[in-house]
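Trainee: Just add 63 to wherever you are in the sequence shown, counting from 1, and you've got the numbering used here. All C-beta atoms, glycine included, are put in the ideal place defined by N, C-alpha and C. Fair warning: this is a prediction, and the values are worked out from it, not measured in the lab.
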Amino acid sequence: MDPGTWGNKTAVTEFILLGLTENTRLHYILFVVFLFAYVVTVGGNLSILAAIFVEPKLHTPMYYFLGNLSLLDIGCITVTVPPMLACLLAHQCRVPYAACISQLFFFHLLAGVDCHLLTAMAYDRYLAICQPLTYSTRMSREVQGVLVGICCTISFVNALTHTVAVSMLSFCGPNVVNHFYCDLPPLFQLSCSSIYLNGQLLFVGATFMGVIPMILISVSYAHVAAAVLRIRSAEGRKKAFSTCGSHLTVVCIFYGTGFFSYMRLGSVSASDKDKGIGILNTILSPMLNPVIYSLRNPDVQGALRRVLTGKRPQE
């Protein structure tokens, strides 16, 4: 696609991604490592989806959201890792302008849905623990669908806004991106036109996609903690906290790496460090999520065993 179709007056028709290292001797090693990570991530998340599908005990709102989270994790890692693997094999990474813009859009779309889905999951835990008598009506199938729809709509608007704004920038000089996938901060560094509006949009986007969800999650778990501490039974408190521990762990990993990546736009020297944060955000987090959610969950573990052994689920 001609970059001009995006309304962008730019002489750049492709970007060159430097990748994780310029040492070609390490490319095959990195290829094996990240191919393994990709297979494990896709396999682990597909296993979670299969477990939720075959186990009647897991047909609940919490696991409905978890299933959607697994789909998002598969999508996020698929947007970034397969192109990187192809670049490692070719020892170079020339990405057409339109492909770079498309990767940026889909990455922010999927990551944005992830942000708000984690918020919906916190709301689900709040209702289950603090409002148990009305939980079934407040978290009906219709409400679940509406929440996922809202997550997708907000993320789509955010991703489209950033994509259109970047496509209006002029890239008339260097086209070397010091990263292993196309993202906003490294592209901003290459623009030969003002990125003031883009920076303001990124700030607003970070507020809606990061700060507000984090506030909502914090408020939800403040109520959850207060409700759990009122439980007299130690066993009851342990069971209530165990249903939230996995989600909180995922939230800390996801938001921690996300904030570190997008709150330092002015730091050019930190680009190499950003690659490490990018690996955590795009590869390690999706790979760990199935492990985190199944490690201390006997229902998921039992369902996974039945998926692997082919046994019928208990009614």
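1. To the nearest angstrom, report how far apart Ile111 and Pro361 are at their CA atoms.
2. Have a look at Phe23 and Phe317 and give me their C-alpha separation to the nearest angstrom.
3. Taking only the alpha-carbon atoms, compute the straight-line gap between Pro353 and Ser256 and give it to the nearest angstrom.
4. State buried or exposed for Leu223, treating a residue as buried only when at least 16 other CB atoms are found within 10 Å of its CB.
5. Where does Ile294 sit, in a helix, a strand or coil, going by DSSP?
6. On the CB-based measure, 16 or more other CB atoms within 10 Å of its CB, does Ser296 come out buried or exposed?
7. Which runs of the beta strand (DSSP E) at least 3 residues long sit entirely within the region 85–169? Give them in chain order.
8. Nearest-angstrom Cα distance between Thr226 and Leu247?
9. I need the DSSP call for Leu265, collapsed to helix, strand or coil.
10. What are the boundary residues of the beta strand (DSSP E) that Leu253 is part of?
11. To which residues of the same chain is Gln166 closer than 8 Å at the C-beta, ignoring the five residues directly before and after it?
12. Since I believe Ala114 is in contact with Leu367 (beta carbons under 8 Å), could you give me their beta-carbon distance rounded to a whole number of angstroms?
13. Here's the rule: buried if 16 or more other CB atoms are within 10 angstroms of the residue's CB, otherwise exposed. What is Asn238?
14. Starting from Leu80, trace the beta strand (DSSP E) in both directions and tell me its first and last residue.
15. Return the CA-CA distance between Gly329 and Phe99, expressed in angstroms with no decimal places.
16. Around the Cβ of Thr200, are there at least 16 other Cβ atoms within 10 angstroms (buried) or fewer (exposed)?
17. Along the alpha helix (DSSP H) that carries His225, what are the first and last residues, could you check?
18. Determine contact between the region 181–191 and the region 277–291, defined as no fewer than three beta-carbon pairs at a distance below 8 Å.
19. How is the alpha helix (DSSP H) around Asn364 delimited, first residue to last?
20. Sorted by chain position, which residues of the same chain lie with C-beta nearer than 7 Å to Ile294's C-beta, five sequence neighbours on each side aside?
21. At the level of alpha carbons, what is the spacing between Thr312 and Glu298?
22. Rounded to whole angstroms, what's the CA-CA distance from Thr379 to Cys214? Just pull it up for me.
23. Given that a residue counts as buried once 16 or more other Cβ atoms are within 10 Å of its Cβ, and exposed if not, what is Ala174?
24. For Val314, count neighbouring Cβ atoms within 10 angstroms of its own Cβ and tell me buried if that reaches 16, exposed if not.
25. Do Phe78 and Val240 count as a contact pair if the criterion is CB distance below 8 Å?
26. Could you tell me which residues DSSP puts in a beta bridge with Val239?
27. Measuring alpha carbon to alpha carbon, tell me which residue in Arg204, Ala149 and Phe251 is nearest Ser230.
28. Please list, in chain order, all residues of the same chain as Leu343 whose beta carbon is under 7 Å from its beta carbon, the five residues on each side excluded.
29. Is it right to say Val203 is buried, meaning 16 or more other beta carbons lie within 10 angstroms of its own, or is it exposed?
Mentor: By the coordinates alone:
1. The residue given as residue 111 occupies position 48 in the sequence shown. The residue given as residue 361 occupies position 298 in the sequence shown. Approximately 13 Å, taken between the alpha carbons.
2. Nothing can be reported for residue 23: it is not among the residues displayed for the chain, which extend from 64 to 378.
3. On the sequence shown, position 290 is the one that residue 353 refers to. On the sequence shown, position 193 is the one that residue 256 refers to. Looking at the two C-alpha atoms, the distance is approximately 43 Å.
4. Here residue 223 corresponds to residue number 160 of the sequence shown, with the count starting at 1. Looking at its Cβ environment, which holds fewer than 16 other Cβ atoms inside 10 Å, Leu223 is exposed.
5. The residue given as residue 294 occupies position 231 in the sequence shown. Coil, per DSSP.
6. By one-based count along the sequence shown, residue 296 stands at place 233. Ser296 comes out exposed.
7. 157–159
8. Here residue 226 is taken as the residue at index 163 of the sequence shown, counted from 1. Here residue 247 is taken as the residue at index 184 of the sequence shown, counted from 1. If I take the Cα positions, the gap works out to 9 Å.
9. Numbered from its first residue, the sequence shown carries residue 265 at position 202. It is helical.
10. Reading the sequence shown from its first residue, position 190 is the one you call residue 253. Boundaries cannot be given for Leu253, as no beta strand (DSSP E) includes it and DSSP labels it neither H nor E.
11. Along the sequence shown, one-based indexing puts residue 166 at 103. Closer than 8 Å at the Cβ level, and outside the excluded window around Gln166, lie Val142, Thr143, Pro146, Val158, Tyr244 and Cys245.
12. Mapped onto the sequence shown, residue 367 falls at position 304. Mapped onto the sequence shown, residue 114 falls at position 51. With a Cβ gap of about 5 Å, Leu367 and Ala114 count as contacting.
13. For the purposes of this step, residue 238 is identified with residue 175 of the sequence shown, where counting begins at 1. Buried, by the Cβ-count rule.
14. Sequence index remark: in the sequence shown, residue 80 carries index 17 (1-based). Looking at the DSSP string, the run of the beta strand (DSSP E) that includes Leu80 is Glu77 to Leu80.
15. For the purposes of this step, residue 329 is identified with residue 266 of the sequence shown, where counting begins at 1. For the purposes of this step, residue 99 is identified with residue 36 of the sequence shown, where counting begins at 1. With a pLDDT of 47 at Gly329, under the threshold of 50, the modelled position of that residue is not reliable, and the figure given next carries that caveat. Rounded to the nearest angstrom, the two C-alpha atoms are 34 Å apart.
16. By one-based count along the sequence shown, residue 200 stands at place 137. Exposed, because fewer than 16 other Cβ atoms sit within 10 Å of the Cβ of Thr200.
17. Residue numbering aside, residue 225 sits at position 162 when the sequence shown is read from its first letter. Element bounds for His225: Arg204 to Ser230.
18. yes
19. Counting from 1 along the sequence shown, the entry for residue 364 is found at position 301. Checking the displayed sequence, the identity of residue 364 turns out to be Gln instead of Asn. Here the alpha helix (DSSP H) through Gln364 covers Pro361 to Thr372.
20. By one-based count along the sequence shown, residue 294 stands at place 231. If we look at Ile294 and ignore the five residues flanking it on each side, its Cβ neighbours are Arg300 and Ala303.
21. As a position in the sequence shown, residue 312 is number 249, starting the count at 1. As a position in the sequence shown, residue 298 is number 235, starting the count at 1. Cα to Cα, Thr312 sits roughly 21 Å from Glu298.
22. Lying outside 64 to 378, the shown extent of the chain, residue 379 is not represented and no answer is given.
23. Taking the sequence shown and counting its residues from 1, one reaches residue 174 at position 111. Answer is buried; the Cβ neighbour count reaches 16.
24. Your numbering for residue 314 matches position 251 in the sequence shown. With 16 or more other Cβ atoms within 10 Å, it is buried.
25. Position 177 of the sequence shown, counting from 1, holds the residue named residue 240. Position 15 of the sequence shown, counting from 1, holds the residue named residue 78. Yes, the pair counts as a contact, with Cβ atoms nearer than the cut-off.
26. Locating residue 239 in the sequence shown gives position 176, counting from the first residue. The partner list for Val239 (beta bridge, DSSP) reads Ile79.
27. Against the sequence shown, residue 230 aligns to sequence position 167. Of the candidates Arg204, Ala149 and Phe251, the one whose C-alpha sits nearest the C-alpha of Ser230 is Phe251.
28. The count along the sequence shown starts at 1 and reaches residue 343 at position 280. So the list reads Thr320, once near-sequence residues are dropped.
29. Walking along the sequence shown from the start, residue 203 turns up at place 140. One point to set straight first is that residue 203 is Ser, not Val, in the sequence displayed. Ser203 is exposed by the Cβ-count criterion.
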